[in-house]
Each structure stands twice: as C-alpha cells, then as structure tokens.
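Engineer: Protein chains in written order, with this note's numbering: chain A, 1 to 188; chain B, 189 to 376.
2 protein chains.
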Amino acid sequence: MDQLTQKLKSLSKLSEDSLNAIFEITQLVTFKKGDVVQEIGKTCKNLYFINQGCLRIFYLKDGTDITESFEFENSFVARGESLLTMKPSNKGIEAVENSEILQINTPKLFELFEKNLQIERAFHRIIEQSYIQQINRLESLQFHTAEERYKQLFEEKSEAILRIPLKFIASYLGITQVSLSRIRAQFK
Amino acid sequence: MDQLTQKLKSLSKLSEDSLNAIFEITQLVTFKKGDVVQEIGKTCKNLYFINQGCLRIFYLKDGTDITESFEFENSFVARGESLLTMKPSNKGIEAVENSEILQINTPKLFELFEKNLQIERAFHRIIEQSYIQQINRLESLQFHTAEERYKQLFEEKSEAILRIPLKFIASYLGITQVSLSRIRAQFK
DNA sequence: TTCATTATTTAACAAATGTAAAAGGATACC
DNA sequence: GGTATCCTTTTACATTTGTTAAATAATGAA
C-alpha cells in the first residue's frame, strides 16, 4: 500500500487511522494484458489505483473500440460519471499491460465519508484533479489539430507512445489509425 | 436570492443558517451585453450564478476568440481550473446578453468550508456536476462529427442557437463559422 | 524457429473542414 | 431614417482527415 499511501498523503492530510480505514476497503488484484477490469454496462463501484501497469477506459461507438483515456503507475482510474451518478456506464476498463491494481470499494468509501472528514476531503481532491485534467483535455481536443495533439502527448506523456498500442493512441487523440500514421511519418 | 436558494437546495441539504452564511459572501451584479465579467489572465476568485442572462467563457488562440462554454439562467459559471488551483486563468468570462449575476466570493467560501460541512458538500456537488458535464462534452468532441455535435446541441440546448451569436457556437463546437454555416444549410 | 495473428504503414481516392474573399442581412448608433 | 459596423452565408480552392484495401512489420503461441 506504500504507493497509495504516498499518493493520498500528497493530496491531503490523513491520520494513520484514516489510512487504515481506507486500506480495509481496499483489495490488491492483478490483471493480465488484455483482461477486462470492468465490463461495459456495469455501474462503477470501484476506484482503481495503479501500482504497476496500465489501464485504459474504452467504449464502443458503432462497433468501433474507442479509448477515452489511459493511466499508468500511481494514478487513479474510474469511470467518474458512473461512480458519481451511480448509473451504469457505457464504458469499460481494460488492462493494457499486466497490471497490479488496488481496488477501493466506493460504496464503502462513501460510507466512510460520513464518519471521517479527512477521507472525504482527500477523495474530493481526486475528483477535483480529475476535473482539472478533463478541462485541459477538452481544450486540447477543441482547438488543437491532430498533429498538435500528438506532439503534446509526445511531450507530456511520451511513455504512452512507447507503452500503448498506436491504435489506442489514435482513438484517444480523436483520429483514425491511418491519420496517426501519417502524422508520425512527418516526424522522421 | 430565490433562484440560487432553490438551486442549492436541489443539490444538498442546507439549513437556513448555512444559506445565510452563503448569502453574506454573495453580491448581486449586473452586466451589459459584451461586458467582460472576468479578464483573461486573472485568477478566478468568484463563482457566478446566473439569475438572468447568459455568460460565456472564452480564450484567445493565436489571436482568435474561442468560446469554451456558455451558460444560461440557473447555472453556475467559473473557470474551474483556476478556481481550484488558485492560478491565473488564460480564459475570460463575458456577458453574452444583459445579465443579472450573483457573485460568490470563493476565498471566503473556502473559509466557510472549514466551519460548515453542509456548505462544503453542497459546493462539492457543483464541482462533481461540472466534472460529469465535462466528461460528456469530451465524449462529444472526441467522437462525433461536427454535424452530430451541432444536432446534439440543437436537441439538448436549442435556446443556445437562438440566443447566442453563431460565431460563438462555431468555436464552441470546435469548427469554423463557415463550416457551421454549411452544416446549417443542409438542415433546410 | 515457424506460422498465424495482430499491429502499423502506405497508397489511392472520397468526404469533410479550413481559408480567404465577397455578398447579403441584421443591428446599433448618430 | 440613414450609415457604419458586425454577423452570417456563399463561393472557390487548398488542406486535412476518413475509408478501403493492400503491403509490411511485429508479436505471440505451438
């Protein structure tokens, strides 16, 4: 739980008791490359923290697999809109690599909020940070060309291009694989 | 304050005392069409609630005015990324129509959080809702064509097309005015 | 290793969107 | 009311991106 502890402490002040309360509703799980962590159509009842590996959130648009987002070590992953509304998500989560994941039970987490303000605040920080991330992503998609978006990804998250299949990168950037290939060809 | 009261109560349980504490840090302001409510470059220290009128968040990309978002009556408006990070925003806020706005002082609001959990929770709801909105907007931009995005706006927020100049709508949809005009021409 | 499968690139053509400029419309101000 | 300004549409052409299909490269399993 070391990595998770450090991450949580970096967000908000947390006592040992608070941390232990969180650990009690947390489970270590492992997935193999390609495993489905959460199926499309289910309501999101877990918040994931990546110890090792890579997860992606995806969905199907007219039968085509679309990558909404991906995360690496020391990041949280959840289908926020489902977690917060308690409604089924049209998105799924998949392991892009063999992964070691901490799985936090969110119904129990929300119960903890009622008795422990420290915990509530820490997890609100996570939501806030996801929100800020989302605002920046929107700006990128709204007004940068596909080439600019690729460059930006290359600069800010270059490991993504090394660790994630390009077909996932393409849909993440909102373009086709062919288009991404053309952009990459210019770079040489 | 009626509209704001109703809105807040719809989000979370709030006592009269809590509501009054919020009102104490809230100010009624009016703007004329075209007025700048918040300048680009300033740190966001207010959360706005629209009693009457319309606000838009915008920024400049290579000298071109881009509309990031707009809101009408009974909605909150803020540059979330600046409000939460306390850093200057590269975006501004403008009144699209003559508007009557309630302006909530956020540094004081954050102080209230420390003493009043009800208030903290109510405003976290606002952030959560903005976050969900943002997720859906991203999905729309990432994988719908410009035509689909226009149709969607038409169906979900048709008043926007009536009340907001099309040049603002175009950049909001991530396309040029010319392109929007072409899409609209097909609809006749 | 070898073969089958999957991922990536390339090519050719079609469709969508951008750019620049001009023409109409609508609006605001004197 | 008239004029200037701003908004919207249209046109013509350039560029980007999508689609389909094929070729090449990389990967994984027997």
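Idealized CB from N, CA, C, for every residue including glycine.
How would you list, in chain order, the residues of chain B whose beta-carbon sits under 8 Å from the beta-carbon of A/Gly80?
Structural biologist: Taking the first residue of the first sequence as 1, we reach residue 80 of chain A at position 80. Chain B residues near A/Gly80: Tyr319, Ile320, Ile323.
Engineer: Could you compute how far the alpha carbon of A/Met1 sits from the alpha carbon of A/Ile104?
Structural biologist: As a first step, residue 1 of chain A is located in the first sequence; it is residue number 1 there, counting from the start. As a first step, residue 104 of chain A is located in the first sequence; it is residue number 104 there, counting from the start. C-alpha separation (whole angstroms): 12 Å.
Engineer: By the DSSP assignment, the beta strand (DSSP E) with A/Leu60 in it spans what residues?
Structural biologist: Translated into the one-based positions of the first sequence, residue 60 of chain A becomes position 60. It spans 55-61 - the beta strand (DSSP E) in which A/Leu60 sits, taken as one unbroken run.
Engineer: Please give me, in chain order, every unbroken run of the beta strand (DSSP E) with length at least 3 that falls completely inside the region 254-299 of chain B.
Structural biologist: Listed in chain order, the complete beta strand (DSSP E) runs (minimum 3 residues) inside the region 254-299 of chain B are 279-283, 287-293.
Engineer: Here's a check: name, in chain order, each residue in its chain whose Cβ is nearer than 7 Å to the Cβ of B/Gly251, leaving out the five neighbours to either side.
Structural biologist: Position 63 of the second sequence holds residue 251 of chain B. No residues qualify anywhere along the chain.
Engineer: Can you find a CB in chain B that lies within less than 7 Å of the CB of A/Phe23?
Structural biologist: Reading the first sequence from its first residue, position 23 is the one you call residue 23 of chain A. Answer no: the Cβ-Cβ gap between A/Phe23 and chain B never drops below 7 Å.
Engineer: Measuring only the C-alpha atoms, how far is B/Leu290 from B/Ile281?
Structural biologist: For this step, residue 290 of chain B is matched to residue 102 along the second sequence. For this step, residue 281 of chain B is matched to residue 93 along the second sequence. Distance between the alpha carbons of B/Leu290 and B/Ile281: 14 Å.
Engineer: Are the beta-carbon atoms belonging to A/Gly174 and A/Ser130 less than 7 Å from one another?
Structural biologist: Reading the first sequence from its first residue, position 174 is the one you call residue 174 of chain A. Reading the first sequence from its first residue, position 130 is the one you call residue 130 of chain A. Going by C-beta atoms, A/Gly174 is not nearer than 7 Å to A/Ser130.
Engineer: Have a look at A/Glu24, A/Leu83, A/Lys33, A/Ser12 and flag the residue whose alpha-carbon is nearest the alpha-carbon of A/Leu112.
Structural biologist: Residue 112 of chain A sits at position 112 when you count from the first residue of the first sequence. Checking every option, the nearest Cα to that of A/Leu112 belongs to A/Glu24.
Engineer: Would a check of beta-carbon distances place B/Glu316 closer than 7 Å to chain A?
Structural biologist: Walking along the second sequence from the start, residue 316 of chain B turns up at place 128. Chain A contact via Cβ: present.
Engineer: If you measure between the beta carbons of B/Ala283 and B/Leu243, is that distance less than 7 Å?
Structural biologist: Position 95 of the second sequence holds residue 283 of chain B. Position 55 of the second sequence holds residue 243 of chain B. Cβ distance < 7 Å, so B/Ala283 and B/Leu243 count as in contact.
Engineer: Does the beta-carbon distance from A/Gln52 to A/Glu100 come in below 7 Å?
Structural biologist: Position 52 of the first sequence, counted from the start, is the residue given in the question as residue 52 of chain A. Position 100 of the first sequence, counted from the start, is the residue given in the question as residue 100 of chain A. For A/Gln52 and A/Glu100, yes; Cβs fall inside 7 Å.
Engineer: Looking at A/Val77 and A/Tyr59, is the spacing between their C-beta atoms short of 7 Å?
Structural biologist: Working through the first sequence from its first residue, we reach residue 59 of chain A at position 59. Working through the first sequence from its first residue, we reach residue 77 of chain A at position 77. No, the Cβ-Cβ distance between A/Tyr59 and A/Val77 is not below 7 Å.
Engineer: Just the chain B side, please: which residues come within less than 8 Å of A/Gly174 by C-beta, in chain order?
Structural biologist: Translated into positions along the first sequence, residue 174 of chain A becomes position 174. By Cβ distance, chain B contributes Leu329, Gln330, Phe331.
Engineer: What does B/Ile254 reach in chain A if we use C-beta pairs closer than 8 Å?
Structural biologist: Translated into the one-based positions of the second sequence, residue 254 of chain B becomes position 66. By Cβ distance, chain A contributes Gln142, Phe143.
Engineer: Measure the beta-carbon distance from B/Leu207 to B/Thr193 and round it to whole angstroms, keeping in mind my assumption that it falls under 8 Å.
Structural biologist: Here the question's residue 207 of chain B lines up with position 19 in the second sequence. Here the question's residue 193 of chain B lines up with position 5 in the second sequence. Indeed they touch by this definition, with Cβ atoms about 6 Å apart.
Engineer: With DSSP run on the structure shown, which of helix, strand or coil describes A/Leu14?
Structural biologist: Taking the first residue of the first sequence as 1, we reach residue 14 of chain A at position 14. Residue state, collapsed to three classes: coil.
Engineer: Three-state secondary structure (DSSP) at A/Ile175?
Structural biologist: Taking the first residue of the first sequence as position 1, residue 175 of chain A is located at position 175. Reduced to three states, the DSSP call for A/Ile175 is coil.
Engineer: Kindly identify the DSSP beta-bridge partner or partners of A/Val29.
Structural biologist: For the purposes of this step, residue 29 of chain A is identified with residue 29 of the first sequence, where counting begins at 1. Answer by DSSP bridge pairing, in chain order: A/Ile101.
Engineer: Go through its chain and collect everything with a Cβ distance to B/Gln275's Cβ below 7 Å, but skip five positions before and after it.
Structural biologist: The residue given as residue 275 of chain B occupies position 87 in the second sequence. Before going further, note that residue 275 of chain B is Lys rather than Gln in the sequence given. So the list reads Thr231, once near-sequence residues are dropped.
Engineer: Is A/Lys33 closer than 7 Å to A/Asn189 when the C-beta atoms are compared?
Structural biologist: The first residue shown for chain A is 1 and the last is 188, placing residue 189 of chain A beyond what the model contains.
Engineer: Are at least three pairs of beta-carbons, each pair with one atom in the region 159-177 of chain A and one in the region 61-75 of chain A, less than 8 Å apart?
Structural biologist: Enough Cβ pairs lie closer than 8 Å, so yes.
Engineer: Please report the straight-line C-alpha distance between B/Ser203 and B/Val224, rounded to a whole angstrom.
Structural biologist: Your numbering for residue 203 of chain B matches position 15 in the second sequence. Your numbering for residue 224 of chain B matches position 36 in the second sequence. Straight-line Cα distance between these residues: approximately 34 Å.
Engineer: For A/Arg137, count the other beta carbons within 10 Å of its own beta carbon; 16 or more makes it buried, fewer makes it exposed. Which is it?
Structural biologist: Residue 137 of chain A sits at position 137 when you count from the first residue of the first sequence. Result: buried.
Engineer: Name the two residues that bound the continuous beta strand (DSSP E) containing A/Phe49.
Structural biologist: Within the first sequence, residue 49 of chain A is the residue found at index 49, counting from 1. 46-52 is the extent of the beta strand (DSSP E) around A/Phe49.
Engineer: Taking a cut of 8 Å between CB atoms, which residues from the region 82-93 of chain A lie near chain B?
Structural biologist: So the list reads Leu84, Thr85, given in the order they occur along the chain.
Engineer: Measuring CA to CA, which of A/Thr26, A/His144, A/Gln3, A/Glu147 is closest to A/Pro107?
Structural biologist: What you label residue 107 of chain A is simply residue 107 of the first sequence in a count that begins at 1. Of A/Thr26, A/His144, A/Gln3, A/Glu147, the residue nearest in Cα terms is A/Thr26.
Engineer: Taking the alpha-carbon positions, what's the B/Glu302 to A/Glu73 distance?
Structural biologist: The residue you call residue 302 of chain B lines up with position 114 of the second sequence. The residue you call residue 73 of chain A lines up with position 73 of the first sequence. In a straight line, the C-alpha of B/Glu302 is about 33 Å away from that of A/Glu73.
Engineer: Go through its chain and collect everything with a Cβ distance to A/Lys127's Cβ below 6 Å, but skip five positions before and after it.
Structural biologist: One-based indexing of the first sequence puts residue 127 of chain A at position 127. Here residue 127 of chain A is Ile; the residue named in the question, Lys, does not match the sequence. Taken in chain order, the list of residues that qualify is empty.
Engineer: Is the separation between the beta-carbon of B/Gln374 and that of A/Gln134 shorter than 7 Å?
Structural biologist: Here residue 374 of chain B refers to the residue found at position 186 of the second sequence. Here residue 134 of chain A refers to the residue found at position 134 of the first sequence. Not closer than 7 Å, so no.
Engineer: With DSSP as the reference, label B/Thr193 as helix, strand or coil.
Structural biologist: Counting from 1 along the second sequence, the entry for residue 193 of chain B is found at position 5. Of the three classes helix, strand and coil, the one that applies to B/Thr193 here is helix, per DSSP.
Engineer: Roughly how many whole angstroms lie between the Cα atoms of A/Phe154 and B/Ile245?
Structural biologist: Counting from one through the first sequence, the residue named residue 154 of chain A turns up at place 154. Counting from one through the second sequence, the residue named residue 245 of chain B turns up at place 57. Going by the C-alpha atoms only, they are around 28 Å apart.
Engineer: Let me check one thing: in DSSP terms, what residues is B/Thr252 bridge-paired to?
Structural biologist: Within the second sequence, residue 252 of chain B is the residue found at index 64, counting from 1. Paired residue(s): B/Lys249.
Engineer: Could you tell me the boundaries of the alpha helix (DSSP H) in which B/His312 lies?
Structural biologist: One-based indexing of the second sequence puts residue 312 of chain B at position 124. Per DSSP, B/His312 belongs to the alpha helix (DSSP H) from 305-331.
Engineer: At 8 Å on the CB atoms, spell out the chain A contacts of B/Lys249, in chain order.
Structural biologist: Along the second sequence, read from residue 1 onward, the residue named residue 249 of chain B stands at position 61. Under the 8 Å cutoff, chain A gives Phe143.
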